[in-house]
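In the working numbering, the protein residues as written are 85 to 502. Reading through the structure tokens given below for one structure.
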Ligand SMILES: Cc1cc2nc3c(=O)[nH]c(=O)nc-3n(C[C@H](O)[C@H](O)[C@H](O)COP(=O)(O)OP(=O)(O)OC[C@H]3O[C@@H](n4cnc5c(N)ncnc54)[C@H](O)[C@@H]3O)c2cc1C
């Protein structure tokens, strides 16, 4: 696009309508209900919510207790609630070493430590909500070209449509096109691991326990899932597996027969949930840590995986992305509330101002930095067989179970309160 006027102008354009982009759009639509002059919002999403959608694939993810609270505040959780399987207890262990600990909801006075949801199902619900909300949805449509101007970004979509955004939000994932178009850099650490993700059936019901087991090859997590029709059942024995391995091992295990895979899994995990009896489709993901040192640009902010893509070891990717979303909404809300009460004042409100973009950066810095460094530490610490580290982490896990008060800060991190 040269400099010609775009056909439609928006206050906020969100590129990417998966977990981060959709929750941001719905949260902003909710904020609009309290404004006399609502913000105009558009979402550009390349895929419809079907099997081909990369953001709403066969993964199940754990949404921490704190994130459920945030989704409720944003008015989004009520529509998703029926899809959740509660996690009541978490068991953490270290294969071949004596370290193990538990986190339990009851002593913390909670109904659940978090909820497990299947992204494909969440995608269908969020997509429907986006269609019903007062939002312009360009879908399926891709951002092709971006032209930063003083007062707005000019965007060209793949069908030639041109639009402008006072504030551009990149929620377009790990390989963010917005980041590439703006020549912004991201730092990448390759952990030399891939994750195999699959649904498995076990001989014993899981009773809403989640498991995290650190093995010689990498961490292995099992999340409880509900039975068919989205109904959480006490007797359910379906679990979602994320198993981090060396890439060649992951490639091998992705191809072996179901029986061979189940045997290898049994060897790595043991019999805490009884025998593994079935495995569904296996999918592999390369595991890298991609982070933008400064997830902002002129009239532009980055949220979710576009700002940082984490290792799934601690189940923090969306939980952190959601805190980006909440952080941005809070900054916009605060700016709107500071002396902009009349319609006339709201008409001149510039949601992409440098002040708002920098307030977002400041609001997110500490949480991003500490979450990213904690996860890097966990991945390196628990993938290592160097004996002082092994001893250290075993003692650490054991101490945690001997000294319950110490569990609270750990639980708070796991549950997304920090
Ligand atoms: C195996 C695994 C397990 C995980 N488990 C957990 C967990 O337990 N808990 C947790 O919190 N997190 C977990 N995560 C992380 C979580 O899944 C992600 O952080 C989250 O789904 C990312 O959402 P996002 O919207 O930021 O990005 P994405 O899902 O990458 O979405 C980006 C969107 O942008 C769209 N897009 C891209 N380019 C364009 C373009 N040019 N134009 C228009 N649209 C575009 C894409 O179609 C896509 O819909 C896990 C991840 C993996 C891989």
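C-beta atoms are modelled at their ideal positions from N, C-alpha and C, and glycine is treated no differently. It should be emphasised that the depicted structure is a prediction, and the values quoted were computed from it without experimental measurement.
Taking the C-alpha atoms as reference points, what is the distance between residue i and residue j?
i, j, result
"residue 473", "residue 280", "For residue 473, the pLDDT reaches just 48, beneath the cut-off of 50, and the residue's location in the model is therefore unreliable, although a value from the coordinates is still provided. The alpha-carbon atoms of residue 473 and residue 280 are separated by roughly 25 angstroms."
"residue 321", "residue 437", "51 angstroms"
"residue 459", "residue 89", "45 angstroms"
"residue 355", "residue 191", "26 angstroms"
"residue 388", "residue 98", "12 angstroms"
"residue 95", "residue 148", "31 angstroms"
"residue 213", "residue 201", "17 angstroms"
"residue 408", "residue 219", "20 angstroms"
"residue 245", "residue 159", "31 angstroms"
"residue 450", "residue 229", "32 angstroms"
"residue 120", "residue 416", "15 angstroms"
"residue 217", "residue 365", "34 angstroms"
"residue 136", "residue 102", "13 angstroms"
"residue 93", "residue 104", "22 angstroms"
"residue 196", "residue 337", "33 angstroms"
"residue 273", "residue 457", "12 angstroms"
"residue 172", "residue 248", "46 angstroms"
"residue 117", "residue 446", "27 angstroms"
"residue 367", "residue 282", "7 angstroms"
"residue 414", "residue 310", "34 angstroms"
"residue 347", "residue 112", "48 angstroms"
"residue 329", "residue 284", "17 angstroms"
"residue 167", "residue 108", "20 angstroms"
For residue i, count the other beta carbons within 10 Å of its own beta carbon; 16 or more makes it buried, fewer makes it exposed. Which is it?
i, result
"residue 502", "Residue placement at residue 502 is poorly supported in this model, since its pLDDT is 49, which falls under 50; the coordinates are not used for a value here."
"residue 425", "The pLDDT assigned to residue 425 is 48, lower than 50, so where the model puts this residue is not dependable, and the model offers no usable value."
"residue 351", "exposed"
"residue 503", "The displayed coordinates of the chain run from 85 to 502. Any statement about residue 503 would go beyond what the structure contains."
"residue 386", "buried"
"residue 332", "exposed"
"residue 138", "exposed"
"residue 370", "exposed"
"residue 361", "exposed"
"residue 250", "buried"
"residue 256", "buried"
"residue 276", "exposed"
"residue 345", "buried"
"residue 403", "buried"
"residue 382", "exposed"
"residue 259", "exposed"
"residue 300", "exposed"
"residue 303", "buried"
"residue 353", "buried"
"residue 340", "exposed"
"residue 292", "buried"
"residue 396", "buried"
"residue 271", "exposed"
"residue 461", "exposed"
"residue 359", "exposed"
"residue 162", "exposed"
Quick one: is the Cβ of residue i within less than 7 angstroms of any heavy atom of ligand 1?
i, result
"residue 263", "no"
"residue 138", "yes"
"residue 273", "no"
"residue 258", "yes"
"residue 389", "yes"
"residue 337", "no"
"residue 97", "no"
"residue 220", "no"
"residue 357", "no"
"residue 90", "no"
"residue 459", "no"
"residue 366", "no"
"residue 143", "yes"
"residue 323", "no"
"residue 402", "yes"
"residue 197", "no"
"residue 303", "no"
"residue 227", "yes"
"residue 376", "no"
"residue 213", "no"
"residue 447", "no"
"residue 159", "no"
Mind checking if residue i is an interface residue toward chain D, Cβ cutoff 8 angstroms exclusive?
i, result
"residue 343", "Chain labels in this structure do not include chain D; a single protein chain is all it has."
Taking only heavy atoms of ligand 3 into account, decide whether any of them is closer than 7 angstroms to the Cβ of residue i.
i, result
"residue 175", "Here the bound small molecules are ligand 1; ligand 3 is not part of this structure."
Quick one: which unbroken beta strand (DSSP E) runs of 3-plus residues sit fully inside the region 294-373? Chain order, please. You should have 303-309, 322-329, 360-363.
Every unbroken alpha helix (DSSP H) inside the region 129-170 [4 residues or more]: With a minimum length of 4 residues, the continuous alpha helix (DSSP H) runs that stay inside the region 129-170 are 149-157, 161-164.
Curious, which full-length beta strand (DSSP E) runs of at least 3 residues does the region 378-414 contain? Counting whole runs of 3 or more residues, the region 378-414 contains the beta strand (DSSP E) stretches 384-386.
Length at least 4, wholly inside the region 190-246: the alpha helix (DSSP H) runs in chain order: You should have 203-216.
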